[in-house]
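Line by line, the protein sequences are chains A and B.
Position 291 of the first sequence, counted from 1, bears residue number 291 in UniProt numbering, the numbering being contiguous throughout.
Position 95 of the second sequence, counted from 1, bears residue number 95 in UniProt numbering, the numbering being contiguous throughout.
Ideal Cβ positions, reconstructed from N, Cα and C, are used throughout, including at glycine.
Keep in mind that this is a model prediction, so the values were computed, not measured.
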Amino acid sequence: MEQQEKKGFFRGLVDKIAGAGQPQTNDIEPSPTAGEPPATPSAGAEERPDSGPGFFSRLKNGLKKTKDGLVGRIDALVLGKKEIDADTLEELEEILITSDIGVKTTVELIRSLEQRLGRNELKDGAALRAALKADILARLNAHHSVLDTDTRHPFVLLVIGVNGVGKTTTIGKLASRFTGNGKRVLLAAADTFRAAAAEQLEAWGERSGVDVVRHKEGADPSAVVFDACKAAVARQVDILIVDTAGRLHTKVNLMEEMKKIHRVIGREIPGAPHETLLVLDAATGQNAVSQARLFKEAAGVTGIALTKLDGTAKGGIVVAVSHEFGLPVRYIGVGEAIDDLRDFNPQEFTDALFQA
Amino acid sequence: MFDSLSEKLESVFKKLRGQGVMTEDNIKEALREVRLALLEADVNFKVVKDFVESVRVKAVGTEVVQSLTPGQQVIKIVHDELVAVMGGNEDNGLNLSAKPPVAIMMVGLQGAGKTTTCGKLGRHLKNLKRRPLLVPADVYRPAAIEQLATVGRQLGLEVFNSSADQKPVDICSAAMRFAELNGFDTVILDTAGRHQIDDFLMNELAEIKASVLPLEILFVADAMTGQEAVNVAGGFNERLDITGVVLTKLDGDAKGGAALSVRAVTGKPVKFVGLGEKLDALEVFHADRLVSRILGMGDVLTLVEKAQSVFDEKETARLQQKLKKNQFDLEDFLAQLQQIKKMGSLESLMGMIPGMGKMMKQMQGAQPSENEMKRIEAIIRSMTPGERANHGIINGSRRLRIAKGSGTTVQEVNQLLKRFTEAQKVVKQLQKLGPKGLLKGMGGLGKGMLPFG
Chain A
1 MEQQEKKGFF RGLVDKIAGA GQPQTNDIEP SPTAGEPPAT PSAGAEERPD
51 SGPGFFSRLK NGLKKTKDGL VGRIDALVLG KKEIDADTLE ELEEILITSD
101 IGVKTTVELI RSLEQRLGRN ELKDGAALRA ALKADILARL NAHHSVLDTD
151 TRHPFVLLVI GVNGVGKTTT IGKLASRFTG NGKRVLLAAA DTFRAAAAEQ
201 LEAWGERSGV DVVRHKEGAD PSAVVFDACK AAVARQVDIL IVDTAGRLHT
251 KVNLMEEMKK IHRVIGREIP GAPHETLLVL DAATGQNAVS QARLFKEAAG
301 VTGIALTKLD GTAKGGIVVA VSHEFGLPVR YIGVGEAIDD LRDFNPQEFT
351 DALFQA
Chain B
1 MFDSLSEKLE SVFKKLRGQG VMTEDNIKEA LREVRLALLE ADVNFKVVKD
51 FVESVRVKAV GTEVVQSLTP GQQVIKIVHD ELVAVMGGNE DNGLNLSAKP
101 PVAIMMVGLQ GAGKTTTCGK LGRHLKNLKR RPLLVPADVY RPAAIEQLAT
151 VGRQLGLEVF NSSADQKPVD ICSAAMRFAE LNGFDTVILD TAGRHQIDDF
201 LMNELAEIKA SVLPLEILFV ADAMTGQEAV NVAGGFNERL DITGVVLTKL
251 DGDAKGGAAL SVRAVTGKPV KFVGLGEKLD ALEVFHADRL VSRILGMGDV
301 LTLVEKAQSV FDEKETARLQ QKLKKNQFDL EDFLAQLQQI KKMGSLESLM
351 GMIPGMGKMM KQMQGAQPSE NEMKRIEAII RSMTPGERAN HGIINGSRRL
401 RIAKGSGTTV QEVNQLLKRF TEAQKVVKQL QKLGPKGLLK GMGGLGKGML
451 PFG
């Protein structure tokens with residue numbers, strides 16, 4: 001009996017979400033996502049522009065989902081309501097949470113909106129939207145700064161993150177970008193654990209004509225870094241980029257290994273690493289907060305690179321991470337090609353989030 | 001955050017004590033906590049909404065059982081319902097019964113862990129006395145083919161010879177012919193990571209599917225995925241009609257709520273979970289365990305199973321004898337430590353015990369870390385057999401010698417001896433509870449957190 005009931009519930013769920021049935025309608029909390037997934041693959045692909053100059057539209061497309069989810073939902077939420085009351089804000093809170101923006105940030109954003117509501121500043125949906133947009137932008141702007149690699153020589157860039165976020169790919173793109181600006185770049189393949197990681201980095205190095213310092217698989221990553229630092233000084237390169245193995249932030253031993261890499265760099269080149277870049281996958285949910293916290297504790301992260309924004313992923317979590325840990329977002333990855341790396345621009349990011 | 005769901009519910013329900021029946025009104029707040037807890041675990045908001053509604057329907061009108069607090073009862077409903085959504089105890093095995101070679105196709109986003117999972121799955125199948133062939137069909141990412149080749153070498157599995165200038169469809173169909181001619185019964189296809197909205201690459205997968213007719217198409221999902229999981233899994237399922245899901249990177253601290261979203265949107269079972277970077281870190285999926293993880297209730301079953309598989313029966317019997325005679329000495333203490341070590345990291349073990357998550361937070365680093373374990377081992381190993389058997393004889397100069405021998409300080413030796421004396425006391429107390437005292441003790445520990453199960 002019970003089993004049957006549960007199955008019934010589940011099937012209902014599937015239907016609703018896959019949009020097989022009539023999308024559920026609800027005045028207070030409309031669900032634009034309900035009927036959408038089926039349409040997504042083809043529609044998204046048609047609109048996907050060719051690689052090249054249309055970066056902004058590309059980013060916008062990548063962010064389309066977030067916008068659909070966020071603005072669409074907020075509009076629908078406020079539509080038909082003459083006044084915005086506390087209930088609306090509660091629903092809004094849920095919407096923000098589900099946009100991967102993070103629980104803590106959501107509560108803060110809502111509190112700010114509540115205050116303005118108390119002062120009667122928010123009369124309609126447009127005002128609510130503008131206020132929310134301004135708040136999110138302020139959060140991203142507060143810690144925003146572009147990475148300046150001219151300050152040190154050699155400038156050492158340490159790239160860290162959990163497994164599979166796109167560290168090596170990001171480094172490949174960075175190397176191409178720096179060499180394009182006339183810099184001499186050296187790469188260090190300090191991921192000695194994952195199969196063929198060094199080969200992957202070498203393939204990227206070849207594409208932009210950059211040398212890679214590597215050891216055998218299973219070697220001590222700190223030894224690779226040591227050699228790379230020596231080589232960077234001897235060859236007088238401008239920028240040394242260190243690739244590390246992906247590691248879950250909860251693994252004590254691997255985090256210790258990373259601290260050691262950090263120490264060795266600092267010992268060989270005083271003041272280095274000058275930038276410790278944490279790579280985050282745009283599809284990651286609340287766990288990104290935990291990642292940022294533990295990586296910052298262990299390796300003193302100074303900046304974020306947000307990857308895989310070319311999919312439907314929202315990347316809303318950077319709003320929370322950037323604000324909570326005072327970290328600037330330096331770069332965004334918008335594709336797999338070598339030039340698919342952009343400077344992060346808070347205004348554009350927020351605009352793309354909100355643009356209709 | 002999550003470990004406190006049970007606590008939150010307890011506090012919400014404090015005012016409810018003495019009321020006999022759960023009503024719409026008095027569970028409203030509790031359901032809000034449930035909803036937030038699920039959202040924080042990255043379960044998709046649509047899924048959460050429907051789920052909470054179904055819990056509400058179940059809970060309203062339920063009589064509050066005497067032995068349970070209302071909070072516990074809601075958790076029980078939530079737990080049971082989640083397990084049901086995740087497929088309960090349905091069979092999660094791979095369907096490989098067809099004329100060999102049968103193909104298994106791995107698909108997913110970039111960086112989900114497809115290649116690593118291919119290796120793990122190959123090893124798993126090899127243990128099941130099958131002959132798997134690994135096929136690298138990722139011609140896009142640099143060195144992806146090389147990566148699978150290396151994994152194959154490490155596992156002693158054959159890897160199909162392909163190169164990055166071939167078409168993935170051609171590689172896969174050639175691999176099937178190769179498998180047929182060379183007596184491989186299972187072919188594991190490692191495809192490139194792609195976004196579900198990338199029409200070109202999704203078509204490629206559809207072509208591969210049409211050409212090799214795989215019995216299993218496994219969608220590899222990162223346990224850390226947020227709300228997007230629904231769109232991604234929905235997109236892949238629609239194009240390819242996946243047959244199952246592999247949830248990777250579950251060895252971190254992600255709650256894995258994405259699994260719930262994926263299951264809800266595709267209706268396909270989670271078949272395996274990846275629990276580490278090493279190639280043996282693949283486990284068959286158990287719905288109730290993931291649910292306990294999401295609710296922060298620990299994972300007693302996995303712990304008990306791990307303990308059973310690792311604990312040497314003879315050694316355990318010997319220890320029990322010693323325990324009975326009250327002769328538990330430092331030698332046994334060391335043996336115990338080593339058995340625990342075999343089960344995996346201490347942190348992960350502690351995390352599996354219900355309530356320990358909370359306790360660990362309170363202790364804030366007071367629990368022995370991996371490093372500390374090593375130090376304890378070094379200290380005991382620096383003792384003479386006589387000292388290990390009877391720590392009472394360890395005087396000042398012996399302490400100094402032990403500290404020097406183990407590269408530690410006298411304080412650390414003192415600390416260990418103090419701890420050991422305490423452990424002995426605990427052992428004595430457990431002894432009074434009878435032969436199964438240890439388990440009972442554990443049961444008592446978990447009682448408040450796990451009123452059922």
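The shortest CA-to-CA distance from ILE380(B) to any of VAL413(B), ILE294(B) and ILE393(B) is the one to VAL413(B). A straight-line Cα-Cα distance of about 6 Å links VAL78(B) and VAL55(B). GLY333(A) sits in a strand when the DSSP states are folded into three classes. For ILE239(A), the beta-bridge partners assigned by DSSP are PHE155(A) and VAL185(A). Neighbours of PRO142(B) in chain A, taken as residues whose beta carbon is under 7 Å from its own, are GLN200, ALA203 and TRP204 in chain order. For THR105(A), no Cβ of chain B is located within less than 8 Å of the residue's own Cβ.
For LEU122(A), no beta strand (DSSP E) encloses it, and the DSSP letter there is neither H nor E. Beta-bridge annotation (DSSP): ASP343(A) is paired with TYR331(A). If you check each beta-carbon in the stretch 275-286 of chain A against every beta-carbon of chain B, the ones closer than 9 Å belong to ASP281, ALA282, ALA283, THR284, GLY285 and GLN286.
Under the DSSP assignment, ASP280(B) falls outside any beta strand (DSSP E); it carries neither an H nor an E label. Residues of chain A whose Cβ lies closer than 7 Å to the Cβ of VAL151(B) are, in chain order, ALA195. Residue contact with chain A for LYS249(B): present (Cβ-Cβ distance below 8 Å to some residue of chain A). Closest in alpha carbon position to PRO142(B), among GLY193(B), ASN182(B) and GLU81(B), is GLY193(B).
One Cα belongs to GLN236(A), the other to ASP339(A), and the distance between them is close to 25 Å.
Using a C-beta cut-off of 8 Å, the stretch 91-109 of chain B makes no contact with the stretch 147-158 of chain B, since fewer than three inter-stretch Cβ pairs fall below that distance.
Residue-level contact check: ILE317(A) touches chain B, since one or more beta carbons of chain B fall below 8 Å from its beta carbon.
For a Cβ distance threshold of 8 Å, residue set GLY252 and ASP253 of chain B lies close to HIS249(A), ordered along the chain. With the rule of 3 Cβ pairs closer than 8 Å, the stretch 197-215 of chain B does not count as touching the stretch 246-262 of chain B. Exposure of ARG419(B) is indicated by the presence of fewer than 16 other C-beta atoms within 10 angstroms of its C-beta.
Taking CB atoms only, THR312(A) has a neighbour in chain B less than 8 Å away. Interface annotation for the stretch 254-271 of chain B against chain A: ALA254, LYS255, GLY257, ALA258, SER261, ARG263, ALA264, VAL265, THR266 and GLY267, criterion Cβ-Cβ distance under 9 Å. Its chain contains VAL242, PRO273 and THR276 as the residues whose beta carbon lies nearer than 6 Å to that of LEU158(A), once the 5 sequence neighbours on both sides are disregarded; these appear in chain order. Counted as a single uninterrupted DSSP element, the alpha helix (DSSP H) harbouring MET202(B) occupies residues 199-212. In the DSSP assignment, LEU189(B) is bridged to MET105(B) and VAL135(B). Within the stretch 179-197 of chain B, the residues whose Cβ lies closer than 8 Å to some Cβ of chain A are HIS195, GLN196 and ILE197, listed in chain order. With 16 or more other Cβ atoms from the protein chains shown falling within 10 Å of its own Cβ, GLY205(A) counts as buried.
About 7 Å separates the beta carbon of ILE317(A) from that of GLY285(A), a gap short enough to meet the 8 Å contact definition. Spatial neighbours of LYS255(B) in its own chain (CB-CB distance under 7 Å, excluding positions within 5 residues in sequence) are listed in chain order as PHE2, ALA41, ASP42, ARG293 and ILE294. Every beta strand (DSSP E) stretch that sits fully inside the stretch 229-272 of chain B and reaches 3 residues is listed by chain position as 244-248. According to DSSP, ALA221(B) shares a beta bridge with LEU247(B). Among the residues of chain A, those whose CB is under 8 Å from the CB of ALA112(B) are GLY164, following chain order. In this structure, DSSP gives GLY316(A) a state outside helix and strand, which the three-state scheme calls coil. In terms of beta-carbon proximity, ASP100(A) lines the interface with chain B, with at least one pair separated by less than 8 Å. With a cut-off of 8 Å on Cβ pairs, the stretch 324-338 of chain A is in contact with the stretch 280-295 of chain A, counting three or more such pairs. Nearest neighbour of PHE285(B) by Cα position, chosen from ARG130(B), ALA223(B), PHE45(B) and GLN73(B), turns out to be ALA223(B).
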